[in-house]
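Last residue of the sequence shown: 197 in UniProt numbering, with the numbers rising by one and none dropped.
Don't be surprised by glycine CBs; every beta carbon is placed ideally from N, CA and C.
All of these numbers come straight from a predicted model, not from anything done at the bench.
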Amino acid sequence: MTRPINLKTRRLLLRPFELSDVREVYEYAQDPDWSHFLPLPNPYTYRDAEEFVASSFASDWNTNPHFAISLSGTVIGSINIRLDLRNSAAEIGYAIGRAHWGRGITLEAGRAAVDWAFREYNLARICAKADLENGQSWRVMEKLGMQREGITRSSGPSEHAPNIREDTVTYSILRDEWEQDNVGEPYQRQANSDSSE
């Protein structure tokens, strides 16, 4: 059974969400430019941030580990891994506040999460998906070493945008591809009880 863990990278701490994170989640998530490609309510309210953080507590780390991305003690985004252990596969999803775009933060968090997921769950494959027009997101996937698999046209609507269908691009990386290009853990493991930076 996998327990929540903290992953410390050069600049970041990936850790489970805490109740005190609601304000910081709200601060970055209320930006409509940030949430343009995400299936989120618009406008994003403080209550939405509370529900998001609360849902992370209900998240089972054996099926859907969910990390807060913390920079200098401030939560600036999140990264989650939806596991399909029966098929030794997972899908990773990530988002960081717009103020931190273009600084390699998503890539740094992604490297730690992908490496940890391959090791922790003995996965064969990890994929990621993004709106076809979200070039920033799929460029992160490419920098993670993922290969483009294809485009799903008119991908299904979300609960928050039931009348909108978008084209989605899927990327993936296999375990042996990851291990060939990534030697050593790009993070330090920390017990969950210590979330200090």
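| Item | Value |
| --- | --- |
| Assign W101 to one of two classes, buried (16 or more other C-beta atoms within 10 Å of its C-beta) or exposed (fewer than that). | exposed |
| For D60, name the three-state secondary structure that DSSP assigns. | coil |
| Have a look at N182 and L123 and give me their C-alpha separation to the nearest angstrom. | 15 Å |
| Any chance the segment 110–126 sits against the segment 78–92, with 3 or more Cβ pairs inside 8 Å? | yes |
| Using DSSP with H/G/I as helix, E/B as strand and the rest coil, what is L38? | coil |
| May I ask you to report which of helix, strand or coil DSSP gives L85? | helix |
| For I151, which of R139, G110 and Y171 has the nearest alpha-carbon? | Y171 |
| For a minimum of 3 consecutive residues, which ranges assigned as the beta strand (DSSP E) are wholly contained in the segment 76–153? | 89–96 and 125–131 |
| From I173 to D115, what does the alpha carbon distance come to, in whole angstroms? | 11 Å |
| Can you give me the start and stop residues for the beta strand (DSSP E) that R11 sits inside? | Note, R11: premise wrong, no beta strand (DSSP E); not H, not E. |
| Sort out for me which residues DSSP pairs E166 with in a bridge. | S155 |
| Quick check: what's the CA-CA separation for Q190 versus K8? | 7 Å |
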